[in-house]
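Undergrad:
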Amino acid sequence: MLRTENISYWYQTENDPLYTDVTLSFEAGKMYAILGASGSGKTTFLSLISGLDTPKSGEIYYNDQAINNIGLRNYRRKDVSIIFQAYNLLPYLSALDNVLTAMEIANSQHDNLRQYALDNLARVGIPEALAQQKITQLSGGQQQRVAIVRALCCDHQLIVADEPTGNLDEQTSKEIVKLFQEIAHEKNRCIIIVTHEQEVAKACDFVYELKNKVFQLK
Numbered sequence: 001m002l003r004t005e006n007i008s009y010w011y012q013t014e015n016d017p018l019y020t021d022v023t024l025s026f027e028a029g030k031m032y033a034i035l036g037a038s039g040s041g042k043t044t045f046l047s048l049i050s051g052l053d054t055p056k057s058g059e060i061y062y063n064d065q066a067i068n069n070i071g072l073r074n075y076r077r078k079d080v081s082i083i084f085q086a087y088n089l090l091p092y093l094s095a096l097d098n099v100l101t102a103m104e105i106a107n108s109q110h111d112n113l114r115q116y117a118l119d120n121l122a123r124v125g126i127p128e129a130l131a132q133q134k135i136t137q138l139s140g141g142q143q144q145r146v147a148i149v150r151a152l153c154c155d156h157q158l159i160v161a162d163e164p165t166g167n168l169d170e171q172t173s174k175e176i177v178k179l180f181q182e183i184a185h186e187k188n189r190c191i192i193i194v195t196h197e198q199e200v201a202k203a204c205d206f207v208y209e210l211k212n213k214v215f216q217l218k
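Counted the way full-length UniProt numbering counts, the sequence shown spans residues 1 to 218.
#1: Considering only the beta carbon of each residue, do Y87 and A37 sit closer than 7 angstroms?
#2: Using the C-alpha atoms, what's the distance from Y75 back to P127?
#3: Taking L121 and V149 to be in contact with their CB atoms under 8 angstroms, please state how far apart those CB atoms are, rounded to whole angstroms.
#4: Using 8 angstroms as the Cβ pair cut-off and three pairs as the minimum, do the segment 200-207 and the segment 41-54 touch?
#5: Would you mind sorting T139 into buried or exposed? The rule is 16 or more other CB atoms within 10 Å of its CB.
#6: Grouping DSSP H, G and I as helix and E and B as strand, with all else coil, what is N98?
#7: If you run the structure through DSSP and keep just helix, strand and coil, what is S50?
#8: Three or more C-beta pairs under 8 angstroms: does that hold for the segment 25-36 against the segment 181-201?
#9: Work out the CA separation of Y9 and H156 for me, nearest whole Å.
#10: Going straight from the alpha carbon of I82 to that of L90, what length do you get?
#11: Are there 16 or more other CB atoms within 10 angstroms of the CB of D79, so buried, or fewer, so exposed?
#12: Report all residues from its chain with a CB closer than 8 angstroms to the CB of T136; omit the five preceding and five following residues, and keep chain order.
#13: Does DSSP put Q65 in a helix, in a strand, or in coil?
#14: Do you know offhand how far V194's Cα is from I67's?
#15: In angstroms, rounded to a whole number, what distance separates the CA positions of N107 and A161?
#16: According to DSSP, is Y32 part of a helix, a strand, or is it coil?
#17: In the DSSP assignment, find the unbroken alpha helix (DSSP H) run with N107 in it and report its ends.
#18: Using the C-alpha atoms, what's the distance from L35 back to L52?
#19: CA-CA distance, E170 and A201?
#20: Using C-beta distances below 8 angstroms, list every residue in its chain close to F84, excluding the 5 sequence neighbours before and after it, in chain order.
#21: Assuming G58 and I7 are in contact, meaning their beta carbons sit under 8 angstroms apart, how far apart are those beta carbons, in whole angstroms?
#22: How is the alpha helix (DSSP H) around D119 delimited, first residue to last?
In structure tokens, the structure reads:
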């Protein structure tokens, strides 16, 4: 489904790269972890595979087509859902409307979009009364859950998440990870999670560890 071929990236100079010649592959129906310490380049890698940034060299392919040829904007709109560490929710909308707006942009196909969104919000502990509230009235952990549901409801085949359990308590984290597993395995999605949490990584089908500028399959 998704693969990188010899991608390299650096901030200031080619002589001090974040990583070079990275070739990895990701399949539908699987859940992957990108594991590594803070500052190792995990989030930058997520930005590259989600089309928010471009590698200095090499190519990224989605279904055997270079994402540059797809068009990064089209790729983000039609093919990939991103769960940001900072949520990136619209502060002037309710939790429900944040989800519905994303579903409409993605042209999500469900008979009743509102009920589908409410059902999925309830599944992560956001009942309808809470879903109707403006997003700024929710706690950080609740906003994180809304951001996760927003991504899952868009029906994209590829879901990438940056520390999606970082602001959640242990029990909620386990429930969210289980939900990711169900989405990947039962709905044949590809889910890639950037994390520094070993417990989250253990729940994934495959783990790539980024250490000393090298990705290694654990």
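From the three backbone atoms N, C-alpha and C, an ideal C-beta is built for every residue, glycine too.
TA: A quick look at the data gives this:
#1: no
#2: 32 angstroms
#3: Correct: roughly 5 angstroms between the Cβ atoms.
#4: no
#5: For the record, residue 139 in the displayed sequence is Ser; it is not Thr. That one is exposed.
#6: helix
#7: For S50, the three-state secondary structure derived from DSSP is coil.
#8: yes
#9: 26 angstroms
#10: 14 angstroms
#11: buried
#12: These residues qualify, in order along the chain: P91.
#13: strand
#14: 20 angstroms
#15: One Cα belongs to N107, the other to A161, and the distance between them is close to 21 angstroms.
#16: strand
#17: Careful: N107 lies outside any alpha helix (DSSP H) and carries neither H nor E.
#18: 20 angstroms
#19: 14 angstroms
#20: A147, D162
#21: 3 angstroms
#22: 113-123
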